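Protein chains in written order, with my numbering: chain A, 299 to 897; chain B, 10 to 419.
The beta-carbon is built from N, C-alpha and C at its ideal position, and this holds for glycine as well.
Quick caveat, the model's predicted, so the values are computed rather than measured.
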Amino acid sequence: MSLKDTLSPFYAWKRALEKPFTIKKPVEEREGAPRYRGFHVNDIEKCIGCGTCEEICQNEAIDMVPVDFIHVEKGDSGLRPQIDYGRCCWCALCVDVCPTGSLGMSNDYIWATPNAEEWVFKPGVDDNPWKDDDKGYRRTDEAWLLDPKLTPMPVMEPDVRKHTFDEMAYGYEVVMAVEEASRCLECGICIDACPTHMDIPAYIKAIRENRLEDGLKLLYDTNPFSESCGRVCTAHCQDVCALGHNGEPIAIRWLKRYITDNTADRRNEILGIGQPLPQKEEHVAVIGGGPAGLTAAFYLRNYGYKVTVFEKHDKLGGMLRYGIPEYRLPKATLDREIQTILDTGVEVKYNIEVGKDVSFKEIREKYDAVFISVGAQIGTQMPIEGSDTPGVLSGVEFLDRIAEGERPDLGERVIVVGGGNTAMDVCRSSVRLGAKDVYVYYRRTEAEMPANVEEIEEAKEEGVKFEFLTAPTKISKEGDKLKIECIRMQLGEPDATGRRRPMPIEGSEFTILADTCIMAIGQKVDSSLAEGTEVKVTRWGTFEVDPDTLQTNVPGVFAGGDCELGPDDAIHAIADGKKAAYFIDKYLVKRHDLKAEPK
Amino acid sequence: MKSRKSSDIIENSPMNDSILKKQAAVDPWEPVWAEQKKFDLSSGKYVKIWQGPQHPGVTGNMALELTLEGDVVVESRTHVGYLHRGFEKLMERRKYIQCFPIVCRICVPEPDFNEYLLATAIEELAGIEIPEKAAWIRALVLEMMRVASLTMGLGGQAGAFGLIPIGQWGVAHRDYVLDLFEELTGGRVYHMYIIPGGVRQDFPDKDFPSRVEAVMQKLEKLISDIEKVMFNNSVFKARAKGLGYIPPEWIEPYGITGTTARAAGVPIDVRKDSPYLIYDQLEFEKILGTASDVYERTLLRKEEILNSIRLIRQILKKMPKEGPVRAKLPNVLHWKIPAGETYVRAESGRGEMGYYMVSDGSEYPRRVHVRGASYTHAMALLERLAVGVSIADVAGLMVSLQTCPPEIER
Numbered sequence: 299m300s301l302k303d304t305l306s307p308f309y310a311w312k313r314a315l316e317k318p319f320t321i322k323k324p325v326e327e328r329e330g331a332p333r334y335r336g337f338h339v340n341d342i343e344k345c346i347g348c349g350t351c352e353e354i355c356q357n358e359a360i361d362m363v364p365v366d367f368i369h370v371e372k373g374d375s376g377l378r379p380q381i382d383y384g385r386c387c388w389c390a391l392c393v394d395v396c397p398t399g400s401l402g403m404s405n406d407y408i409w410a411t412p413n414a415e416e417w418v419f420k421p422g423v424d425d426n427p428w429k430d431d432d433k434g435y436r437r438t439d440e441a442w443l444l445d446p447k448l449t450p451m452p453v454m455e456p457d458v459r460k461h462t463f464d465e466m467a468y469g470y471e472v473v474m475a476v477e478e479a480s481r482c483l484e485c486g487i488c489i490d491a492c493p494t495h496m497d498i499p500a501y502i503k504a505i506r507e508n509r510l511e512d513g514l515k516l517l518y519d520t521n522p523f524s525e526s527c528g529r530v531c532t533a534h535c536q537d538v539c540a541l542g543h544n545g546e547p548i549a550i551r552w553l554k555r556y557i558t559d560n561t562a563d564r565r566n567e568i569l570g571i572g573q574p575l576p577q578k579e580e581h582v583a584v585i586g587g588g589p590a591g592l593t594a595a596f597y598l599r600n601y602g603y604k605v606t607v608f609e610k611h612d613k614l615g616g617m618l619r620y621g622i623p624e625y626r627l628p629k630a631t632l633d634r635e636i637q638t639i640l641d642t643g644v645e646v647k648y649n650i651e652v653g654k655d656v657s658f659k660e661i662r663e664k665y666d667a668v669f670i671s672v673g674a675q676i677g678t679q680m681p682i683e684g685s686d687t688p689g690v691l692s693g694v695e696f697l698d699r700i701a702e703g704e705r706p707d708l709g710e711r712v713i714v715v716g717g718g719n720t721a722m723d724v725c726r727s728s729v730r731l732g733a734k735d736v737y738v739y740y741r742r743t744e745a746e747m748p749a750n751v752e753e754i755e756e757a758k759e760e761g762v763k764f765e766f767l768t769a770p771t772k773i774s775k776e777g778d779k780l781k782i783e784c785i786r787m788q789l790g791e792p793d794a795t796g797r798r799r800p801m802p803i804e805g806s807e808f809t810i811l812a813d814t815c816i817m818a819i820g821q822k823v824d825s826s827l828a829e830g831t832e833v834k835v836t837r838w839g840t841f842e843v844d845p846d847t848l849q850t851n852v853p854g855v856f857a858g859g860d861c862e863l864g865p866d867d868a869i870h871a872i873a874d875g876k877k878a879a880y881f882i883d884k885y886l887v888k889r890h891d892l893k894a895e896p897k
Numbered sequence: 010m011k012s013r014k015s016s017d018i019i020e021n022s023p024m025n026d027s028i029l030k031k032q033a034a035v036d037p038w039e040p041v042w043a044e045q046k047k048f049d050l051s052s053g054k055y056v057k058i059w060q061g062p063q064h065p066g067v068t069g070n071m072a073l074e075l076t077l078e079g080d081v082v083v084e085s086r087t088h089v090g091y092l093h094r095g096f097e098k099l100m101e102r103r104k105y106i107q108c109f110p111i112v113c114r115i116c117v118p119e120p121d122f123n124e125y126l127l128a129t130a131i132e133e134l135a136g137i138e139i140p141e142k143a144a145w146i147r148a149l150v151l152e153m154m155r156v157a158s159l160t161m162g163l164g165g166q167a168g169a170f171g172l173i174p175i176g177q178w179g180v181a182h183r184d185y186v187l188d189l190f191e192e193l194t195g196g197r198v199y200h201m202y203i204i205p206g207g208v209r210q211d212f213p214d215k216d217f218p219s220r221v222e223a224v225m226q227k228l229e230k231l232i233s234d235i236e237k238v239m240f241n242n243s244v245f246k247a248r249a250k251g252l253g254y255i256p257p258e259w260i261e262p263y264g265i266t267g268t269t270a271r272a273a274g275v276p277i278d279v280r281k282d283s284p285y286l287i288y289d290q291l292e293f294e295k296i297l298g299t300a301s302d303v304y305e306r307t308l309l310r311k312e313e314i315l316n317s318i319r320l321i322r323q324i325l326k327k328m329p330k331e332g333p334v335r336a337k338l339p340n341v342l343h344w345k346i347p348a349g350e351t352y353v354r355a356e357s358g359r360g361e362m363g364y365y366m367v368s369d370g371s372e373y374p375r376r377v378h379v380r381g382a383s384y385t386h387a388m389a390l391l392e393r394l395a396v397g398v399s400i401a402d403v404a405g406l407m408v409s410l411q412t413c414p415p416e417i418e419r
């Protein structure tokens with residue numbers, strides 16, 4: 299034992315004179331680091347209640363619970379995360395996975411309460427001292443666990459597709475479909491947004507696991523037009539997709555198409571179509587063989603009823619056939635899909651227009667129940683001078699002629715008026731018919747256009763020129779050209795629909811010469827078959843129904859699709875068809891007024 | 010009762026030469042644990058006491074069943090189970106990403122090695138390349154973790170021999186490193202920072218390296234203080250020198266790794282033997298000792314701290330300043346990893362730590378096995394080393410083997 303070893307330890311006393319390491323908590327409060335993972339914060343307005351945080355939490359610390367002041371609406375489940383801090387391990391995977399970026403963590407760590415129940419709370423809803431903290435852990439774009447990029451659909455180049463009505467989208471390959479399907483969070487926000495409530499997460503999962511047969515069955519549970527919808531659906535599901543808040547939504551429509559395309563040759567076999575169905579005595583008449591009517595026919599047939607469809611044209615499909623050009627939905631595809639519906643044993647009477655060839659009263663007497671789905675097939679005329687000048691066409695009629703195989707010569711310059719999906723179909727068909735200059739005139743701005751963004755982008759790629767805030771005021775003939783007088787608009791106050799009302803700007807008039815002008819400004823319902831019957835019609839010409847059951851004021855007469863909704867998209871019509879089938883079944887089983895039934 | 014002078018303790022407590030020789034003479038491959046010696050407790054000559062599972066002298070919740078003859082241990086049995094949480098099994102019921110927050114709990118003082126190994130095992134099976142900057146940050150985090158853990162370990166070693174102030178210094182200085190972790194990762198003890206694909210986030214700001222440097226200077230000062238107070242301390246020398254001697258021949262049969270092996274002169278260090286991350290781009294040597302007793306092991310750990318401080322400085326100097334820190338993963342909610350198996354390892358503060366992972370191609374790992382250094386050190390080795398040691402020195406011996414019950418039981 300050396301003297302040094304004996305004396306050296308006394309050096310420790312020197313430390314006694316130094317500043318202590320510790321702080322005098324709770325007298326001095328030390329703030330957590332800016333990245334500290336403390337108690338959660340949640341931006342309630344941003345949060346959509348998708349429950350992905352609940353899904354990833356390995357401690358099951360998160361429960362999605364209803365919150366009083368949050369309304370359940372499309373794209374918002376109305377639920378918000380409630381966190382049990384007895385289970386939370388502060389790993390912040392919930393923050394890193396959050397699709398909207400609403401969830402974060404404050405840098406507060408010194409809150410305490412003796413009441414065990416207070417350790418379970420809803421961040422952002424319950425009042426906590428750190429509620430509005432902007433410090434603490436937030437996910438960066440790099441840290442986001444989800445993939446914001448969509449797998450692109452292989453499409454025909456704009457220069458090629460400008461000259462052909464062939465289908466422009468080629469469809470996903472297996473690898474692409476699985477990659478796209480694996481982006482899904484299975485939150486199910488989309489199910490509620492889909493008018494017919496397709497079980498989207500389940501069929502996407504089927505793609506991921508390569509169970510396309512199961513996927514097809516899931517599709518037909520809610521939608522017998524899955525193949526068409528896989529191409530042309532307006533995809534309300536994609537509008538609300540949780541991933542769409544910070545990236546591109548999942549291509550749900552293309553995934554649906556992937557299932558139907560890859561099971562097309564075995565469809566009847568997989569679905570068991572052709573096998574014996576239940577036999578029921580009642581006979582249902584469906585007026586109009588469009589998406590709503592055929593959907594109702596398909597499900598009614600599966601319930602076991604005899605079904606007869608009355609179709610005005612010589613082919614079925616309604617607006618899917620006559621309103622949607624071939625390059626978006628090939629007729630062969632539609633035929634194949636309608637054949638599946640007919641294979642269930644639906645009887646069709648072609649070229650019969652109810653109201654002309656056969657009276658509604660006759661049908662009412664002969665059949666146990668009637669479903670009216672005649673659509674909205676008459677193009678609206680613009681209330682301006684010269685709208686009946688030769689060379690001015692209506693959008694639906696124009697599309698109808700193309701669908702029938704006509705290829706009219708439109709001349710060099712075509713003006714399309716309108717901003718909806720019909721206007722897009724019209725302008726893009728005009729390009730394919732060889733028109734050099736195609737203009738779309740719309741009286742509001744691009745942001746207000748009801749057409750799908752994708753359609754607008756594709757139209758631009760094909761060389762269609764857009765003139766926003768422009769409306770025609772007068773059309774006249776000048777030589778063999780049309781002289782169209784137009785005026786520029788500006789946006790005023792919002793109207794009843796919430797869109798800003800366009801107001802003409804004085805002195806901004808201009809004139810343009812064109813070969814053809816196509817008005818795609820809306821359609822209306824031909825409800826003439828109801829004339830002389832007791833079925834009530836609204837002042838817009840649509841059929842008046844109980845929105846819960848789709849039954850008109852006459853028991854046993856139901857109406858749905860565009861003729862009840864006004865011009866809308868295919869998926870709403872399909873949803874109506876399915877709903878009508880359900881309530882027609884209820885009506886036929888119980889034989890009493892559905893309205894009297896307690897909800 | 011006769012009072013004992015400090016000189017008595019110094020003379021009596023370390024194992025005398027005959028016990029040492031007797032211990033060394035036993036073939037290390039002999040299954041000595043199978044021999045159940047019978048001690049007649051009713052004779053009054055022996056007394057059996059339990060040290061733990063709740064005891065301030067053990068490092069965590071683990072029990073030593075000691076049979077004493079006077080002050081000297083004649084038989085020692087290790088009992089674990091008090092801290093068992095079943096992480097390996099839990100992982101089989103969790104998706105890969107969900108394993109990430111739980112593995113850090115396997116070892117409290119050194120959680121990052123678990124995070125690193127889990128992430129690497131997953132990356133190897135899934136074939137993911139991490140960005141270069143992420144590899145450097147990972148190495149930085151692991152070295153900082155080693156510094157923090159060994160600093161507290163030094164304090165613990167001193168505390169086990171009654172040198173309480175050093176224990177407090179060690180814990181306080183670990184907290185300085187934890188402050189850095191808090192800034193970098195958002196967590197102090199469990200960082201959950203090394204995620205499959207890289208690390209979660211980049212440095213919080215440009216000045217972060219200078220704050221790391223400031224803490225490293227504080228640690229260097231602490232080490233110089235500890236040298237004066239602990240390593241030049243006659244009491245510590247008297248108790249630690251010669252205690253817990255591990256012959257070099259035992260290293261392999263017992264699976265001893267880390268500083269415990271290097272103190273016996275056996276040059277094994279995963280960082281050098283099979284360099285991972287960016288260790289092949291750093292300059293450092295294996296630190297070796299010869300005496301293989303508690304004092305030597307403690308001394309080596311002090312040297313390891315200084316070595317890690319040098320490594321941290323090298324990393325901060327050489328690491329790329331720009332670039333991504335995280336590779337994009339597939340959707341982690343249904344992430345299937347191709348079937349296969351892998352063993353990944355790293356040099357933790359206690360020795361070699363390894364993860365053996367088997368994937369059957371599903372969303373869940375089929376099997377994860379954790380190989381930790383203190384499992385071998387504390388279960389088999391401690392039972393044997395404790396025989397012939399004074400009861401007062403058992404805690405010091407246990408700390409010198411870097412026993413970490415949470416890692417043993419996981």
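### Query
Considering only the beta carbon of each residue, do residue 689 of chain A and residue 815 of chain A sit closer than 9 Å?
Cβ distance < 9 Å, so residue 689 of chain A and residue 815 of chain A count as in contact.
### Query
Can at least three beta-carbon pairs, one atom from the region 342-351 of chain B and one from the region 258-275 of chain B, be found at a separation below 8 Å?
Because the criterion of three Cβ pairs below 8 Å is not met, the region 342-351 of chain B and the region 258-275 of chain B do not touch.
### Query
Would you say residue 492 of chain B faces chain A, with C-beta separation under 9 Å as the test?
This structure leaves residue 492 of chain B out entirely; chain B is present only between 10 and 419.
### Reference residue 468 of chain A, options A:559, A:800, A:496, closest by Cα
When the alpha-carbon of residue 468 of chain A is set against those of A:559, A:800, A:496, the nearest one is in A:559.
### Message
What would DSSP say about residue 915 of chain A, mapped onto helix, strand or coil?
### Response
Residue 915 of chain A falls outside the range modelled here, since chain A spans only 299 to 897, and no answer is possible.
### Message
Taking the beta carbon of residue 664 of chain A as the centre, do at least 16 other beta carbons fall within 10 Å, making it buried, or is it exposed?
### Response
Answer is exposed; the Cβ neighbour count stays below 16.
### Message
Please classify residue 340 of chain A as buried or exposed, where buried requires at least 16 other C-beta atoms within 10 Å of its C-beta.
### Response
The residue is buried, with at least 16 neighbouring Cβ atoms inside 10 Å.
#### Entry: the region 834-841 of chain A contacting the region 723-736 of chain A, beta-carbon criterion three pairs below 8 Å
Because the criterion of three Cβ pairs below 8 Å is not met, the region 834-841 of chain A and the region 723-736 of chain A do not touch.
### Query
residue 779 of chain A bridges to which residues according to DSSP?
Bridge partners of residue 779 of chain A: A:776.
### Interfacial residues, the region 387-419 of chain A to chain B, with Cβ spacing under 8 Å
Of all residues in the region 387-419 of chain A, 387, 388, 389, 390, 391, 394, 395, 403 have a Cβ within less than 8 Å of some Cβ in chain B.
### Query
Using the beta-carbon count (16 or more within 10 Å), is residue 23 of chain B buried or exposed?
For residue 23 of chain B, the pLDDT reaches just 43, beneath the cut-off of 50, and the residue's location in the model is therefore unreliable, although a value from the coordinates is still provided. By the 10 Å Cβ count, residue 23 of chain B comes out buried.
### Query
At a Cβ threshold of 9 Å, is residue 553 of chain A touching chain B?
Taking Cβ atoms only, chain B never reaches closer than 9 Å to residue 553 of chain A, which makes this a no.
### Query
CB-CB under 7 Å to residue 333 of chain A, same chain, minus the five flanking residues each way: which ones, in chain order?
Its chain contains 435 as the residues whose beta carbon lies nearer than 7 Å to that of residue 333 of chain A, once the 5 sequence neighbours on both sides are disregarded; these appear in chain order.
### Query
For residue 340 of chain A, which of helix, strand or coil comes out of DSSP?
Strand at residue 340 of chain A.
#### Entry: Test item: CB-CB of residue 590 of chain A and residue 673 of chain A under 9 Å
Cβ atoms of residue 590 of chain A and residue 673 of chain A: closer than 9 Å.
### Message
Just to make sure I have the definition right: I need the residues of chain A whose C-beta is within less than 9 Å of the C-beta of residue 142 of chain B. Which are they?
### Response
None at all; the shortest Cβ gap to chain A is about 11 Å.
### Task
Sort out for me which residues DSSP pairs residue 667 of chain A with in a bridge.
Partner(s): A:582.
#### Entry: residue 15 of chain B versus residue 186 of chain B - alpha carbon distance
Because residue 15 of chain B carries a pLDDT of 40, less than 50, the predicted location of this residue cannot be relied on, and the following value inherits that uncertainty. One C-alpha to the other measures close to 37 Å.
### Message
Helix, strand or coil, according to DSSP, for residue 431 of chain A in the structure here?
### Response
Residue 431 of chain A falls in the coil class under three-state DSSP.
### Query
Given residue 635 of chain A, which residues of its chain have a CB within under 7 Å of its CB, disregarding the five upstream and five downstream residues?
So the qualifying residues of the chain are 523, 525, 526.
### Task
Taking C-beta pairs closer than 8 Å, name the residues in chain A that residue 242 of chain B reaches, listed in chain order.
303, 306, 307, listed in chain order.
### Start and end residues, beta strand (DSSP E) containing residue 178 of chain B
The continuous stretches of beta strand (DSSP E) do not include residue 178 of chain B, which lies in the alpha helix (DSSP H) extending over residues 173-194.
### Message
How far does the beta strand (DSSP E) with residue 361 of chain A in it extend, from its first residue to its last?
### Response
360-364 is the span of the beta strand (DSSP E), which, as asked, contains residue 361 of chain A.
### Query
By DSSP, does residue 509 of chain A sit in helix, in strand, or in coil?
Look at residue 509 of chain A here: in three-state DSSP terms it is coil, with no helix or strand label.
### Message
Contact criterion: CB-CB distance below 9 Å. Does residue 536 of chain A meet it with respect to chain D?
### Response
Absent from the structure is chain D; the protein chains it does hold are A and B.
### Query
Contact check, residue 787 of chain A vs residue 767 of chain A under 8 Å by CB: the rounded distance?
The C-beta separation of residue 787 of chain A from residue 767 of chain A comes to about 4 Å, placing the pair in contact by the 8 Å criterion.
### Task
Check each candidate in A:518, A:577, A:549, A:841 and name the one with the smallest Cα separation from residue 566 of chain A.
The shortest C-alpha separation from residue 566 of chain A is found at A:518.
### Message
To the nearest angstrom, how far is the alpha carbon of residue 207 of chain B from that of residue 227 of chain B?
### Response
Straight-line Cα distance between these residues: approximately 29 Å.
### Rounded distance between the beta-carbons of residue 121 of chain B and residue 156 of chain B, thought under 8 Å
In fact, because the Cβ distance is near 11 Å, the residues do not count as touching under 8 Å.
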